[in-house]
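Each residue of the sequence shown is one higher than the one before, counting from 0 in numbering that gives the first Met the number 0.
Virtual Cβ for every residue (Gly too), placed ideally from N, Cα, C.
Only a predicted model underlies this, so the values are computations on that prediction, with no experimental measurement involved.
The structure appears right after this line, and notes come after that.
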Amino acid sequence: MIILKNISKSYGGKAVLDNVNIEIPGSGVFGIFGASGQGKTTLIRLLCGLEKPDGGEIIGSDGMNFSVVFQEDRLFPSLTALGNVSLVSDETTARRLLDLVGLHGSEDKYPDELSGGMSRRVAIARALAYGGDALILDEPFKGLESELKEHIGKLISEYAQTKPVIIVTHDEYGKSLTKNSVILS
């Protein structure tokens, strides 16, 4: 379990998070919801240690390795889809995961040759390949059609059987996957 206790974070004197308290179970899909500008992305940056809170504490995440898919896919433009996933795994695992996310036959394409939805799936495959102790997904269903959302949702749910998965989303299907959630306002 990861506990965020009295978390506060400001930028330029403007409070983005103020006295936030959240308990994230050790497995299952946990949702972080809220309107734009409410601190959802800041919260996940704090969770995975990319930023430090101004106040409060995060308990239970010390030493954890987080696998993250940010709102931007953050693929390496000089690497193929296979190369991007192989950065964190062996080639056999990378090929298997690209196949699982529906990209069989696109392994040798570069990011500029992929659609937005395809790039998203490469980023998700890479996060799954890395593994980590927890998976954080910021708008994982962006650019995906309904059938693909359900397919990726099943993969996420399977992963969440043994590890925490934290989803930031506005997508109704994504919200339906969550067992517990918090709304930032």
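Minimum Cα-Cα distance from asparagine 83 among the listed residues Gly62, Ala14, Leu113 and Gly54 corresponds to Leu113.
The Cβ atoms of leucine 45 and lysine 8 lie closer than 8 Å to each other. Under DSSP, valine 19 takes part in a beta bridge, and its partners are Ile6.
Residue state for aspartate 137 is assigned as strand, using DSSP reduced to three classes. Judged by DSSP in its simplified three-state form, leucine 113 adopts coil rather than helix or strand. For serine 180, the three-state secondary structure derived from DSSP is strand. Runs of the alpha helix (DSSP H) lying entirely within the region 19 to 98 and spanning at least 4 residues, in chain order: 39 to 46 and 80 to 85. The beta carbon of isoleucine 1 sits closer than 6 Å to the beta carbons of Ile23, Gly59 and Ser60 from its chain, once the five residues preceding and following it are set aside; these are given in chain order.
Ranked by Cα distance from alanine 133, the first of Glu146, Arg125 and Ala159 is Ala159. Considering only Tyr109, Ser66 and Ala128, the residue with the shortest C-alpha distance to threonine 92 is Ala128. With respect to the 8 Å criterion, arginine 125 and valine 87 are classified as neighbours on the basis of their beta carbons.
Contact between phenylalanine 32 and valine 164 does not hold, since the beta-carbon distance rounds to 15 Å and is not under 8 Å.
The Cβ neighbour count for threonine 168, taken over all protein chains shown within 10 Å, is at least 16; the residue is labelled buried. With fewer than 16 other Cβ atoms inside 10 Å of its own Cβ, proline 76 counts as exposed.
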